[in-house]
Structures are given as C-alpha cells and as structure tokens.
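So the structure is just underneath, and the comments pick up after that.
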Amino acid sequence: MRHRKLIALSALAIVFAGGQPAYAATNTVDGSITAGSSVCSWTNGRTSANPPSTLTIDRTSINPPGGNLSCSSGSTVALNNSPTVTFNDTNATATADAVDVSVTIGITCRYRVTNPVFNRQGTTRDYVGGPYTASRVSGFLCPSTTTIDRAVLSFR
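Shown next, in the form of structure tokens:
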C-alpha cells in the first residue's frame, strides 16, 4: 500500500478553491501533491495566462532541468503533458483537462487523471483538490490505479 501511495504522490505531482477572487499577475503557478506521507512540489511554473482566463501550465517549466519538481519520497516524476486549466469563478472551481505523469521508483509507471476539479480557497487564487484516482497508462508491475490524497495549485 505504501508503494501505491508513493506512486500516486509522485505520479501526480503536477497540476491544481466564494467571494470575489484575487487576480494572479505573474503568470506563474506553485504546486504540491500529497499521497500518504510523501509530498512532491514545485515553484514558479509558467502559465500561458492569468486566472480567470483559461490557461495552459507549461510542463517544461515544471520538470527539471527547466523546473524544480522534486519529491520527498526519493522518487522522480515527470509531467508528460501541459494541462489546460479552466476557471469557474461562480462555483469557485478550476478544472484541468488531464494530468499525465511518469514516476520512477525502481520501475517507471505512467498515470493519468482526467478532468480533476480543484476548489478555490476564499478569495485567493489558491486551489485545493483531491482525493483523485489516477489510472495506469503504462508500466509493467504497476498498480492499475492509485490515489492522490491532496493537490494544491497557487496561481500568482
């Protein structure tokens, strides 16, 4: 079960909470993913626009060497897509089209979550989501699904 949580955490270390929301100004996003006791996080990922406009998170600014995505569990993770995020300020939510990642912990497993929804926190541009079930895309001996407990996206 711990292996499954580590894969889940690492696998989705990417991607994404009413009143009047604040507006992000620098086209950047910080994020973290928690699965069990493990955390993967990054800072200063680039986005194509500022919320509430639909935007794309640039995977090259998240993955090393251009980004600083790292995990406390000793695993390595890579974002395979650049997620598109849409915002619904009336409902205080953000939705990504998909998050597709590969995680390596001795073996490499690829997982995907489709249409994850995040809830805005108060009037900030901080969004929290989870739990999510990620489905295996590839990887021999990898669990068919894994659970991400919590994901946080902070747009600036």
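Numbered according to mature numbering (1 follows the signal peptide of the UniProt record, and there is no 0), the sequence shown spans residues -24 to -1, 1 to 132. Just so it is clear, CB atoms sit at the ideal spot from N, CA and C, and this is done for glycine as well.
Does the Cβ-Cβ distance between residue i and residue j come in under 7 Å?
i	j	result
Gly105	Ala127	yes
Thr52	Thr71	no
Gly43	Arg86	no
Ile124	Tyr108	yes
Arg22	Ser46	no
Which value, in whole angstroms, describes the spacing of the CA atoms of residue i and residue j?
i	j	result
Ile33	Pro119	27 Å
Asn64	Arg132	17 Å
Ser48	Ala11	11 Å
Pro56	Thr66	Contrary to the premise, residue 56 reads as Asn rather than Pro in this sequence. Answer to the nearest angstrom: the Cα atoms are 31 Å apart.
Pro92	Pro40	24 Å
Thr30	Thr60	7 Å
residue 133	Pro28	With the chain running from -24 to 132 in the structure shown, residue 133 is simply not present.
Ser58	Ser8	16 Å
Cys16	Phe94	17 Å
Ser130	Asp6	5 Å
Trp18	Thr2	16 Å
Ser24	Thr121	31 Å
Arg35	Asp76	10 Å
Ala110	Asn26	27 Å
So, under 8 Å CB-CB, residue i and residue j are touching, yes? Tell me the CB distance rounded to an integer number of Å.
i	j	result
Gln88	Ala68	Just to set this straight, residue 88 is Arg in the shown sequence, not Gln. Actually they are not in contact, since the Cβ atoms of Arg88 and Ala68 sit about 25 Å apart, beyond 8 Å.
Below 6 Å CB to CB, which residues in the same chain sit around residue i once its five sequence neighbours on both sides are set aside?
i	result
Asn20	Thr4
Ala54	Asn39, Ser78
If distances are taken between C-alpha atoms only, which option among the options comes closest to residue i?
i	options	result
Arg112	Phe94, Trp18, Thr84	Thr84
Ser13	Asn91, Gly50, Leu55	Gly50
Gly82	Cys16, Thr122, Leu117, Pro27	Leu117
Once the 5 residues before and after residue i are set aside, which same chain residues still bring their CB inside 7 Å of it?
i	result
Thr90	Ala74
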